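Each residue of the sequence shown is one higher than the one before, counting from 0 in numbering that gives the first Met the number 0. We put the beta carbon where it would ideally sit given N, CA and C, even for glycine. Here the structure is a predicted model, which means the values were calculated and not measured. To start, the structure itself, in structure tokens.
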Amino acid sequence: MTTHPAPHPDATDAYLLYSDIEQELRTQVRALLADRCPPQHLLARVETDQVHDPKLWHALARELGVTALSVPEELGGAGASWRETALVLEELGRAAAPVPYLGSSVLATAALLAAQDTELLPAVASGERTATLAVPFSTWPQAAYPGTVHTAARDGLLSGTVTSVADSLSADILLVPATGPDGPALHAVDVTAAGDTVTRRAVVSLDLTRPLADLELRSAPGTVLATGEDAERVLRQALTAGAALLASEQLGVAEWCLATTTAYVKDRHQFGRPVGSFQAVKHRLADMWIAVTQARAMARNAVAALADASPQLALETALAQAYASETVVMVAEAALQLHGGIGFTWEHPVHLYLKRAKSTAIALGTADRHRAALARLADLPSTQ
0 MTTHPAPHPD
10 ATDAYLLYSD
20 IEQELRTQVR
30 ALLADRCPPQ
40 HLLARVETDQ
50 VHDPKLWHAL
60 ARELGVTALS
70 VPEELGGAGA
80 SWRETALVLE
90 ELGRAAAPVP
100 YLGSSVLATA
110 ALLAAQDTEL
120 LPAVASGERT
130 ATLAVPFSTW
140 PQAAYPGTVH
150 TAARDGLLSG
160 TVTSVADSLS
170 ADILLVPATG
180 PDGPALHAVD
190 VTAAGDTVTR
200 RAVVSLDLTR
210 PLADLELRSA
220 PGTVLATGED
230 AERVLRQALT
240 AGAALLASEQ
250 LGVAEWCLAT
260 TTAYVKDRHQ
270 FGRPVGSFQA
280 VKHRLADMWI
290 AVTQARAMAR
300 NAVAALADAS
310 PQLALETALA
320 QAYASETVVM
330 VAEAALQLHG
340 GIGFTWEHPV
350 HLYLKRAKST
360 AIALGTADRH
370 RAALARLADL
380 PSTQ
């Protein structure tokens, strides 16, 4: 795959549309997920101790190569762009797929790219190893540098705790922000080699398809990836990329809710007619469709800004998250309600999508936080 050329100033609208390559990729990813991650498979897996599906992850990485999309070819990647990664996230959102793509192929990969790492990226890009950014899942891009993990002055070993880290239970590598005598630094901790110096404890997560864990490091060895202002920059860039791309996953969740609900109200009959023929139901579906369409435009805009390293990236990311975080919850709630009694049962997967929607609404910053950032970035006057 090749990266897209910079958009022509007069062709912005067309540039936000999906390319032929992206549509082909969508077809391949959707077909694989339909085969390997159907709803009943998903419902069964969330009741097990191992939520992440290693076979599905292997198929995505080895058969389709989607873990390598945003990594340059010289580092073992596909040399594509964040646009293709965003499209994969849409499809993973549509399937609520239990794989560590957001943690490994987005957050960790963005951090390694920003740190100009050449050692870990090839293995992460191939899917041979998985990684995640060791920060609470709620951390937003404008947050202060974390201070819960510290490096010892004598030997540089890491000690401290990090709570509610997404995709960390299955991660081989933890990218840990820490502070020490020389200031902030970002470290790579190889969990497989760290022994009992790293403890991961699963915590109850609202989203059953994306497990969270609390991390405890006790004099854990790590490799320094960036220090000082560079470490702060790397973390901010990774979180910004994560928030920008999370809007695409939220879009996929909302699209599934809309499509599934539309199909259901067409087939479900009440009082001798399809439920979807009632005016009130039509209005709800119209509201859902409008919200999803607008969310798509904002998500694509944020991804375009990320792929082009636009100076407006922070603003476009805040705009996308301020809208998508609330939209995905609204659409998922409507989907559950319009499914009627069956929507409230464990056997129907709609509850998994509502939980994914609720979880992503507070991930990488709430809508309120992003609105506050948007107001500041757009230089809007304060109302207080």
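Residue i vs residue j beta-carbon contact at 8 Å
i    : j    : result
S69  : T117 : no
L257 : M287 : yes
L214 : K354 : no
V105 : V65  : no
A110 : C36  : no
L168 : V188 : no
A124 : G75  : yes
D52  : R44  : yes
E83  : L15  : no
A386 : Q320 : Past the edges of the chain, shown from 0 to 383, lies residue 386, and the structure says nothing about it.
P99  : A170 : yes
A372 : Q141 : yes
DSSP-derived helix/strand/coil call for residue i
i    : result
Q236 : helix
Q269 : strand
A306 : helix
V148 : strand
L284 : helix
G339 : helix
T138 : coil
V45  : coil
S104 : helix
A386 : With the chain running from 0 to 383 in the structure shown, residue 386 is simply not present.
L168 : coil
S163 : strand
A441 : Residue 441 lies beyond the stretch modelled for the chain, which goes from 0 to 383, so this question has no answer here.
L132 : strand
L245 : helix
L174 : strand
W56  : helix
R29  : helix
Y263 : helix
A275 : Ala is not the amino acid found at residue 275; the sequence shown has Gly there. Three-state DSSP puts G275 in a helix.
P380 : coil
W345 : coil
Cβ shell of residue i (< 6 Å), same chain only, five flanking positions each side left out
i    : result
L234 : P176
A114 : L224, A225 and V233
P4   : Reliability fails at P4, whose pLDDT of 43 lies under 50, so the model's placement of it is uncertain and no value is given.
A122 : R128
A85  : L244, S247 and V302
E228 : none
A356 : V252, V327, V328 and A331
S324 : A360 and A366
G342 : L335 and V349
Opposing strand residues paired with residue i [DSSP bridges]
i    : result
R199 : L214
G182 : G179
S158 : H149
V223 : H186
Residue closest to residue i, alpha-carbon to alpha-carbon, out of the options
i    : options                   : result
T138 : A237, W56 and E72         : A237
T384 : S103, F343 and V202       : Any answer about residue 384 is impossible in this case: the structure gives the chain only from 0 up to 383.
A152 : A240, V98, T178 and S167  : T178
L31  : D48, L55, H51 and H40     : L55
L363 : G241, A95, P121 and V274  : G241
Q336 : W345, A308, T260 and A371 : T260
V148 : G126, D206, I20 and P220  : P220
E21  : T47, P38, G76 and E89     : E89
G339 : R355, A371 and V264       : V264
G420 : G76, V123, T160 and T131  : This structure gives no information on residue 420, because the portion of the chain shown stretches from 0 to 383.
S18  : H347, T365, R299 and S309 : R299
L41  : V87, P348, Q249 and A321  : P348
G155 : R370, L59, A374 and L216  : L216
Residues of its chain near residue i, where Cβ-Cβ distance is below 7 Å and the 5 sequence neighbours each way are ignored
i    : result
L376 : A313, L314 and A317
I361 : S137
H186 : L157, V175, A177, G221, T222, V223 and L224
P71  : G78
R200 : A212 and D213
Contacting residues, own chain, Cβ-Cβ under 8 Å from residue i (five flanking each side not counted)
i    : result
V291 : L250, A253, E254, L257, T326 and V330
L112 : S69, V70 and L120
A192 : P220
Q311 : A304
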